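Notes for the one structure printed next.
In the working numbering, the protein residues as written are 1 to 745.
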């Protein structure tokens, strides 16, 4: 039945039709009735196609025959006229001849009586084969044939291949039956289509008339047949969707039933599978309802089994959270009951994107474009979209969250297409002199309270804008990175606690927290202290000499009393944390393995109980490779220690991308829009606006969006998720008619 439906789909495609998605009032049909109906429709279409092919082939043959009659007729008519002219000339000469040459006249009469009537073969051959055809004819007959070819201007449809090809009309004149036999064989070998022809001019006209009449009749018959075929296919297209869904459902049911097995009595089917805990009662109700509806004397038995196999992972999502969960699943499906990063990704992913894309003008453009997709989601969800459009539509809720956070960070950066606005009050700074001449603008003074929200607009356009924003965004990137990495390590604690793994808690979580925060947590505290106190301390100097010269005095770089001794303590804790991660865990795992398999060296007495034998085989002692565990722990420790430095540095991409976005936006505004306004020309200004719009959309709203998206994706997959997320599970695929895809077979 699926094969027949695929056949119907091919016929619909040939007719230029698609399956109707409109809700047509079609009566319910059983599978047996559908099978009969599909068979009848298939036979009808096959018969119609066969008849149509026969008629079309006959039509194409008649078209070729008409061309042969036309071209060959011209050849014979031309030869007839030439022969008549020669005969008249000959008669004229004979009258003028003198009586003193009777022997010559007798010779001419004798020659005319010895003339032989030539045979001929006519037809059509492909133009690209005509040269080889002529050469083979000459060689096979030793040149004892005469070939005439005439090219046809328009390509003709070949009756056999049904393809448009360029052809030549040919006429081969031969003498004798042997030559004729060779010519016919060569024509067949070259795939030439032969057609009969007569040299009688009267019969030629009659044949042309007959062929023209038959062509007209065939054309009418073919048109009527095509109309009927299209009507049948159109009727099928309205019911195709219902038939296809019914067949797919039944096929999926049988596919699932094939995975069931008989019990030992061969009287009932046994199925084992996974189901969510919350769906247990629903499944029991469905089985009870099925028993009642089928009037079965024996009900289905539903029993919960215990299994050593790890269950699949299933997260209940909606259309909003599904896109965020798919971002996590692209890295790897969570292990069963492992902490799900998708919950935090809903907030952290769009926020980190917005840190790199901070401009509330661009954020509004992105928001409006995504709102259009959301408002038309019912229309687009039922349509087949292109690859890029389908990705954008699938992630519409991710993009709208990204745009909302971009508007928020744009307010913080105070950038609207790189232009600052005093939205939350006046700037806190002013010129020293009211005239604000160049000589007096150097060194602004604070005249009001600090700007209440975000970056003060006065910074934009000044010589100190870049150093100030660089310092701000670089330190902010480190703070955000350390916070997210700490979140990842904390989630590893909850994983260990849930799985009751005390070894991971004390010998992985604790030393990792100590190592990370002894170095980069301390750096984050110094950044906040410097912001709060306004200190001029050099944080680069502090962090570098914390390792190179820990005993030296800090002098001007001291932010608080006792900082030197605190740094010594933190450095010592960081050094202790490394062997704490590396050494104890492999030995504790070995001890734990030996305690679990204590007594495993003893073998049970000989027994004929198959169940006991199976349990003994399943409980066979697993080998513990201490060297492999030690090497694995060594790699893990080195990776974390080096990764703490590289991951923190990796978060500086937030600063770099934010700076690049801001500078590109500023260049497009100043060098395109403002510059075109300076020329005082409407034409130049309009051109400037067009270039600005295309540059903003193409570079900042498309390329920069994709760039920031990929960088945010990397920060989540590598810097955040590798702290706690294993991602070695497998997804739960329930038996559901709604999940049957269009291409599933």
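We treat Cβ as the ideally placed atom computed from N, Cα and C, and that holds for glycine. Model, not experiment: these values are computed from the prediction.
For this session: Quick one: measure Cβ to Cβ for residue 470 and residue 659, integer angstroms, because I've assumed they're closer than 8 Å.
Result: 7 Å
For this session: Quick one: grab the DSSP three-state call for residue 596.
Result: helix
For this session: Using beta-carbon positions only, say whether residue 723 and residue 491 come within less than 9 Å of one another.
Result: yes
Exercise. Would you call residue 466 buried or exposed, if buried means 16 or more other Cβ atoms sit within 10 Å of its Cβ?
Worked result: exposed
For this session: For the region 66–75 and the region 122–133, state whether three or more C-beta atom pairs, one from each stretch, are separated by less than 8 Å.
Result: yes
Problem set entry | Length of the line joining the Cα atoms of residue 311 and residue 274 | 7 Å
For this session: Please confirm if the region 177–188 is in contact with the region 214–222, defined as three or more CB-CB distances below 8 Å between the two stretches.
Result: no
For this session: Would you decide whether residue 113 is buried or exposed? Buried here means 16 or more other CB atoms lie within 10 Å of its CB.
Result: With a pLDDT of only 46 at residue 113, under the threshold of 50, the placement of this residue in the model should not be trusted, and no figure is reported.
Exercise. How many Å lie between residue 577 and residue 544 at the Cα?
Worked result: 20 Å
For this session: Check whether the Cβ atoms of residue 524 and residue 478 lie closer than 9 Å to each other.
Result: yes
Exercise. If you draw a straight line from the C-alpha of residue 351 to the C-alpha of residue 406, how long is it?
Worked result: 8 Å
Problem set entry | Close Cβ partners of residue 444 (< 6 Å) along its chain, the five nearest in sequence each way excluded | 429
Exercise. Is any heavy atom in the ligand SAM found nearer than 8 Å to the beta carbon of residue 593?
Worked result: This structure lacks the ligand SAM, and indeed carries no ligand of any kind.
For this session: Would you mind stating whether residue 9 and residue 39 have Cβ atoms separated by less than 9 Å?
Result: no
Problem set entry | Pairwise C-alpha distance: residue 516 and residue 410 | 31 Å
Problem set entry | Euclidean distance between Cα positions of residue 520 and residue 559 | 16 Å
For this session: Report the rounded CA-to-CA distance for residue 317 versus residue 399, giving the unit in angstroms.
Result: 17 Å
Problem set entry | Cβ shell of residue 98 (< 7 Å), same chain only, five flanking positions each side left out | Any answer about residue 98 is weak, because its pLDDT of 48 lies below 50 and its placement is not dependable; what the coordinates show is given next. Correct list: empty, nothing qualifies.
Problem set entry | Buried/exposed call for residue 323, threshold 16 Cβ in 10 Å | buried
Problem set entry | Unbroken stretches of the alpha helix (DSSP H), 4 residues or longer, contained in the region 129–162 | 130–140
Problem set entry | Assigned secondary structure, residue 430 (DSSP; H/G/I helix, E/B strand, else coil) | strand
Exercise. From which residue to which residue does the alpha helix (DSSP H) around residue 497 run?
Worked result: 465–498
Problem set entry | Simplified DSSP assignment, three categories, for residue 125 | strand
Exercise. For the 8 Å Cβ check, are there 3 or more pairs between the region 579–598 and the region 497–510?
Worked result: yes
Problem set entry | Same chain, Cβ closer than 7 Å to residue 230, neighbours up to 5 away in sequence not counted | 15
Exercise. Once you ignore the five residues that flank residue 219 on each side, which residues in its own chain have a CB closer than 8 Å to its CB?
Worked result: 59
Problem set entry | residue 481 versus residue 384 - alpha carbon distance | 40 Å
Exercise. Could you give the distance in angstroms between the alpha-carbon of residue 749 and the alpha-carbon of residue 263?
Worked result: Because the chain here runs from 1 to 745, residue 749 falls outside it and cannot be looked at.
For this session: Compare the beta carbon distance of residue 708 and residue 356 with 9 Å and say whether it is the shorter of the two.
Result: yes
Exercise. Going by DSSP, what residues sit across from residue 416 in a beta bridge?
Worked result: 419
Exercise. Do residue 688 and residue 700 come within 9 Å of each other at the CB atom, strictly closer than that value?
Worked result: no
For this session: Take residue 527 and list the residues in its own chain whose beta-carbon comes closer than 8 Å to its own, dropping the five residues that flank it on each side.
Result: 475, 478, 479 and 539
Problem set entry | Nearest residue (CA-CA) to residue 159, options 126, 170, 135 and 137 | 126
For this session: List the DSSP bridge partners of residue 446.
Result: 429
Problem set entry | Proximity winner among 450, 531 and 301, relative to residue 269 (alpha-carbon distances) | 301
Exercise. Exposed or buried, which one is residue 182 when buried takes at least 16 other CB atoms within 10 Å?
Worked result: buried
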